[in-house]
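Input: a single structure, listed below in structure tokens.
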Amino acid sequence: MNKTEILHYLRTSSKTDDKRLLSLIDECCEELNACVKPKTLHRIFDCRVTQDSVIVGNTVFKSQRLAATVSGCRQVCIFGATLGTECDRLLRTYGKTDITKTAVMQACLASKIEEVCDRLEDVLRAQGMTLRQRYSPGYFDLDITENKKIFEMLELTKRIGLTLTDTCQMVPTKSVTAIIGIE
-11 MNKTEILHYL
-1 RTSSKTDDKR
9 LLSLIDECCE
19 ELNACVKPKT
29 LHRIFDCRVT
39 QDSVIVGNTV
49 FKSQRLAATV
59 SGCRQVCIFG
69 ATLGTECDRL
79 LRTYGKTDIT
89 KTAVMQACLA
99 SKIEEVCDRL
109 EDVLRAQGMT
119 LRQRYSPGYF
129 DLDITENKKI
139 FEMLELTKRI
149 GLTLTDTCQM
159 VPTKSVTAII
169 GIE
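Heads up: the sequence shown is residues -11 to 171, going by the numbering used here.
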């Protein structure tokens, strides 16, 4: 995992020489790599882009910023990714006993889910696709409730065990859904 990114999530300088912190990061990374089992699911869809929405089949994602991000694209990749329930267990366990380790584990898990998403993008690029920046529900003007549409389109609960709460938060917590324009 990317130690610089982990330190960024911890709001610490990437040039830190705090041996205790660096050791704790290594310990957390080792522990999570031993028990976390990432899962992803993606599909490529034809799309139509208007000034304020992206239309995939009969599904409309209303967002001017998403539309601007994928403007000119005729296809999108919609995906879900999760680190699984074990990450939530780790956070609960350390949350009761060691707040410092909880914060470091949280940063390591955030870096790990980004790594999983980046690997998925690498696979798509290796297939010859040119990708735009990924865009997730809950950012800017793409409402978090749009997650419901992604979950339905991909059957994320059935296929990779991802669920949504009433407020459209994902469980397990270290999970991502996103839309990526394909040029």
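Each residue gets a CB set at the ideal place from its N, CA and C atoms; glycine is no exception. It should be emphasised that the depicted structure is a prediction, and the values quoted were computed from it without experimental measurement.
Which residues bound the beta strand (DSSP E) around residue 64?
-> 63 to 70
Contacts around residue 94, its chain only, beta-carbon distance under 7 Å, and the 5 residues preceding and following it disregarded | 79
Taking Cβ positions, are residue 63 and residue 43 nearer each other than 7 Å?
-> no
Look up residue 166 in the DSSP assignment and give the residues it is bridged to.
-> 67
CB-CB under 6 Å to residue 25, same chain, minus the five flanking residues each way: which ones, in chain order?
-> 72
Residue span of the alpha helix (DSSP H) that contains residue 139, given as start and end | 135 to 142
Can you say whether residue 23 is buried or exposed, counting buried as having 16 or more other CB atoms within 10 angstroms of its CB?
-> exposed
Apply the 10 Å Cβ neighbour rule to residue 46 and answer buried if 16 or more other Cβ atoms are within range, or exposed otherwise.
-> exposed
Should residue 164 go down as buried or exposed, given a rule of 16 or more other Cβ atoms within 10 Å for buried?
-> buried
Reference residue 105, options 54, 91, 124, closest by Cα = 124
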